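When we follow my numbering, the leftmost residue of the sequence shown carries the number -14, and every step to the right adds one. Report on the following structure.
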Amino acid sequence: MNRLVYFIFCVLSASQIFAQKDSLQLGDNYAEDQIYASISYAQFFKQPVGVSKSGFSYSISTGFMRDVILNQKGSFSFAVGVGYGFDFFNHNIEVREINEETIFATAVGTSSNTFKSHNLEFPFELRWRTSNAIKYDFWRIYAGVKFLYNMSHKFGFIEDNKSFSYKNLSAFSKLQYGLTFSAGYDVFNVNIFYGLAPIFDSAEPAMDTSVLKFGLIFYIL
-14 MNRLVYFIFC VLSASQIFAQ KDSLQLGDNY AEDQIYASIS YAQFFKQPVG VSKSGFSYSI
46 STGFMRDVIL NQKGSFSFAV GVGYGFDFFN HNIEVREINE ETIFATAVGT SSNTFKSHNL
106 EFPFELRWRT SNAIKYDFWR IYAGVKFLYN MSHKFGFIED NKSFSYKNLS AFSKLQYGLT
166 FSAGYDVFNV NIFYGLAPIF DSAEPAMDTS VLKFGLIFYI L
């Protein structure tokens, strides 16, 4: 039921946006309200010495952005949004939770080291584009910061044919943030997220690991 309500809301929002665009004239004051969706290749960086890079890992996200225009042409704006993101990492660190203490070690003798995370996203962007009130295909450069609030996460691995999993670790930082940059033409745009905050508040031994994502982001008016 919740999925149906969410789908209907997205359809109605998109329909309203298109109707507003169709009624605009050249020179009118306008804004680019947008639904976004992204798919990215993801990596942990600032890893401990001796830990190799993550295997194939990915991130997907979707959400809605609201424009606040900064000039009459609409070529400059500030945008705020809210969305949902899912991360999947195939990494090389053994993670355990023992007596509410998060313990890390280099993954030796383990397999299928994975990390899954569900996040609320709160992006803020400064935007430049070559659009106008009646031009829908245009170049864009958007830069900003994105805050992530972790709703749930799980680390898991297999050792000696036994599965181990640890959910919602005490050392994991629920609030994270990073810089964002996207650029491109029309629907297709490259996208980068550079994490500024470590994903762990405290751990043994200490870790400063952050997240890097790069891929494609799609904007739908």
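For glycine and all other residues, C-beta sits at the position ideal for the given N, C-alpha and C. The model shown is predicted, which means the values in this text are computed figures rather than measured ones.
| request: On the DSSP bridge assignment, give the partners of E86 in chain order. | output: I83
| query | Roughly how many angstroms lie between the CA atoms of L111 and P183, to the nearest whole one? | reply | 24 Å
| task | Assign D193 to one of two classes, buried (16 or more other C-beta atoms within 10 Å of its C-beta) or exposed (fewer than that). | result | exposed
| task | Mind reading off the beta-carbon distance from F100 to H138? Whole number of angstroms is fine, and I expect it under 8 Å. | result | 7 Å
| request: Compare the C-beta of F149 with all C-beta atoms of chain C and state if any pair is closer than 8 Å. | output: This model lacks chain C altogether, as it is built from one protein chain only.
| Is the beta carbon of M50 sitting closer than 8 Å to the one on A64? | yes
| query | Looking at C-alpha atoms only, which residue of D186, Y170, L164 is the closest neighbour of F199? | reply | L164
| Residues bridged to S97 by DSSP? | Paired residues: none, contrary to the question.
| field | Environment of N104 [buried if 16+ CB atoms lie within 10 Å] | value | buried
| request: Identify whether F(-6) lies in helix, strand or coil by the three-state DSSP scheme. | output: In this prediction, F(-6) has a pLDDT of 42, which is less than 50 and means its spatial position is unreliable; what the coordinates show is noted afterwards. Looking at F(-6) - three-state DSSP - the assignment turns out to be helix.
| request: Between the Cα of V67 and those of V80, L154, Q19, spot the shortest distance and give me the residue it belongs to. | output: Q19
| Taking all protein chains shown into account, do 16 or more other C-beta atoms lie within 10 angstroms of the C-beta of Q5, making it buried, or fewer, making it exposed? | Residue placement at Q5 is poorly supported in this model, since its pLDDT is 48, which falls under 50; the coordinates are not used for a value here.
| task | Mark V80 as exposed unless 16 or more other C-beta atoms lie within 10 angstroms of its C-beta, in which case mark it buried. | result | buried
| query | In the DSSP assignment, what are the bridge partners of Q19? | reply | M50
| Whole-angstrom C-beta distance between E17 and S62, which should lie under 8 Å | 7 Å
| Grouping DSSP H, G and I as helix and E and B as strand, with all else coil, what is F185? | strand
| task | Output the residue ranges of the beta strand (DSSP E) runs that lie fully inside the segment 150 to 183 and measure 3 residues or longer, sorted by chain position. | result | 160 to 170, 173 to 180
| What is the rounded straight-line gap between the Cα of L133 and the Cα of Y21? | 16 Å
| query | What first and last residue would you give for the beta strand (DSSP E) that runs through S62? | reply | 61 to 75
| query | Which residues in the same chain as K159 place their Cβ atom closer than 8 Å to its Cβ, once the five residues preceding and following it in sequence are excluded? | reply | Y134, N135
| said: Distance check for F30 and Q161, CA to CA, integer angstroms please. | reply: 15 Å
| field | G40 classed as buried or exposed, judged by whether at least 16 other C-beta atoms fall within 10 angstroms | value | exposed
| field | Boundaries (first-last residue) of the beta strand (DSSP E) holding K198 | value | 195 to 205
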